[in-house]
Each structure stands twice: as C-alpha cells, then as structure tokens.
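Participant:
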Amino acid sequence: MPLSRNNIKYLSSLKIKKFRNLNGQFIIEGDKIVRDILDDGTTVIRQLVATGKWLKENQVIQTAFIKEIVETDLQDLKRISTLEAPPQVLAVTDITIPQLDLNKISQSWSLALDNIQDPGNLGTIIRSADWFGIRNIICSLDCADCFNPKVVQASMGALLKVKIHYCDLAEILDKLPGDPSYRVYGTFMNGAPVYDLPATSKGMIVFGNEARGISEELIPFIQSRITIPPVKRNITHVESLNVASAVAVVCAILIRQ
Numbered sequence: 042m043p044l045s046r047n048n049i050k051y052l053s054s055l056k057i058k059k060f061r062n063l064n065g066q067f068i069i070e071g072d073k074i075v076r077d078i079l080d081d082g083t084t085v086i087r088q089l090v091a092t093g094k095w096l097k098e099n100q101v102i103q104t105a106f107i108k109e110i111v112e113t114d115l116q117d118l119k120r121i122s123t124l125e126a127p128p129q130v131l132a133v134t135d136i137t138i139p140q141l142d143l144n145k146i147s148q149s150w151s152l153a154l155d156n157i158q159d160p161g162n163l164g165t166i167i168r169s170a171d172w173f174g175i176r177n178i179i180c181s182l183d184c185a186d187c188f189n190p191k192v193v194q195a196s197m198g199a200l201l202k203v204k205i206h207y208c209d210l211a212e213i214l215d216k217l218p219g220d221p222s223y224r225v226y227g228t229f230m231n232g233a234p235v236y237d238l239p240a241t242s243k244g245m246i247v248f249g250n251e252a253r254g255i256s257e258e259l260i261p262f263i264q265s266r267i268t269i270p271p272v273k274r275n276i277t278h279v280e281s282l283n284v285a286s287a288v289a290v291v292c293a294i295l296i297r298q
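Residue 42 is where the sequence shown starts when you use my numbering, and the numbers rise one by one after that.
1) Pair every Cβ in the stretch 241-259 with every Cβ in the stretch 192-207, then say whether three or more of these pairs are closer than 8 Å.
2) Specify whether the stretch 182-197 and the stretch 70-79 touch according to this definition: at least 3 beta carbon pairs, one from each stretch, less than 8 Å apart.
3) From I138 to R176, what distance separates their C-alpha atoms?
4) Could you tell me whether the stretch 218-236 touches the stretch 127-141, using the rule of 3 or more Cβ pairs below 8 Å?
5) On the DSSP letters alone, give me the boundaries of the beta strand (DSSP E) that P75 sits inside.
6) Going by DSSP in three states, K56 sits in which element: helix, strand or coil?
7) What whole-angstrom Cβ distance do I269 and V291 have, given they're in contact under 8 Å?
8) Considering only C-alpha positions, which residue in the set M245, V225, V90 is nearest to E109?
9) State buried or exposed for P127, treating a residue as buried only when at least 16 other CB atoms are found within 10 Å of its CB.
10) Within 10 angstroms of its Cβ, does G227 collect 16 or more other Cβ (buried), or is it exposed?
11) Please state the DSSP three-state secondary structure of A285.
This is how it looks when you write it as structure tokens:
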C-alpha cells in the first residue's frame, strides 16, 4: 500500500518527544540498523517503510515481526527522515518501558547517567554499554530522551538491547541493597586512576553532565572516585575526555573478566 499524506504526517510527528510519548512509538532509520533488527527477529515492527529497490534487494516478506510493509519513494522518506541523506528504509516500533529491579542491578554492572544532554553522547554510551555486556542504564530525569532520533541513530540498534530507565538517581542510589562487594563508582577529574582498580563482577558507574560533572546531591552516594589520567601529565589544551569516550574507556578497564 502507498504512503498516505496522513501517514507521512504521523511519521514526521514522531521526531518530537511529545508525540512519541503520546503514541508510544518511535522510528529507527537506516539500512544497517533495520537489517540487523530484522535478522535478530525479536522486535515487533509495526510498520516498515522502504523503497521498492530496498525491498527487492532485501527480499523482505511479511512475518509475525512485521505488521505492515509500505513501499514508497525517497522523496517521501526525505520528508520523514531526520538524516541529511534520507535512508531507503525506516521502521516504526513500540516504546517499551522496562521494569527496574534493584536486586538484579546489584548483581551486575550498570551505568548511571546524570543529566547527559547531548543525544549523540547518549546514543554512543548505549552502544558502548551493549558492547561491554551492560544490560541496564539508569538515566536521571533530565537526561536526553533515549528515543530521540539522534540517540537511536548513534546507538546503532543497541537501544533495543539495553534497558534504559529514567529515575531520580539519588533515590535509586539510596535504595541500592547494601553489599560490601558492590561499589558505586563516580568519574571525577581528581579520582584514583581507573587503571589501578582490581577487576570485579558488579558495580555501578556514575557519569556526570558534559559540562558540570556529577551533581552535588549524588556525591554522598559515590564510594569510589575514579579518573582516566592522561598519558602526558603536561597536557593543557584538553580539559577532559568527552563523556561518551570516557564511558568506553572506563568500561573497558573495569568490566574485564
């Protein structure tokens, strides 16, 4: 069936958080991400919108995971897409709100993000979490929306593999079960070198806002301050690592088994 004017209007509205929340759906754009989702076969796609060329090349068929397939052209996809160059395919899927289980959180690694504002950073962090096997990310209520198109794009499909929770971080940190072997790490400029920490199988790593770092209200819950020291101590032209880069480095060092 063709892409109607109302359908174009609806899909375009999903660029905006208000309408994503209202309709409980978001868009995933791009050939590689959509193909990965189709190959995985665990995500229900409410609507797959693609060019005839893409459909022919990928031999997409109606399955239990694809509720509707719509063939259209690049002109219509350009009107919907948030990308500079419109993709040949996009998928609409449901927003799911995962349940936060603090007992499970306390038995594994997780990330806590305090007021991360840049959607690209958040998407890259989600992708890194997936790479290192982290299944839960706890975001403060003022973090960027994980279903923002830029976050979805930067996560490269990892958004569907990692559970993203939006909570009052201070409240969550206060409720964590007391376990001497479980520690809450916080990233600071003046912490202990992360390279010197022993490997462990569980813990939470708190990363702060891109400009201001970790909020004062969260600092009392931090049990170990850590930092990524530069190789050359006389570096003056760079104040700190980008938060998404810091996540990847810290995870690579702490989460090693």
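Beta carbons are placed, not taken as given, at the ideal position from N, Cα and C, and that holds for glycine.
Facilitator: According to the structure shown:
1) no
2) yes
3) 14 Å
4) no
5) It is worth fixing the name first, because residue 75 is Val in this sequence and not Pro. Premise fails: V75 lies in the alpha helix (DSSP H), 72-81, not in any beta strand (DSSP E).
6) coil
7) 7 Å
8) V90
9) buried
10) buried
11) helix
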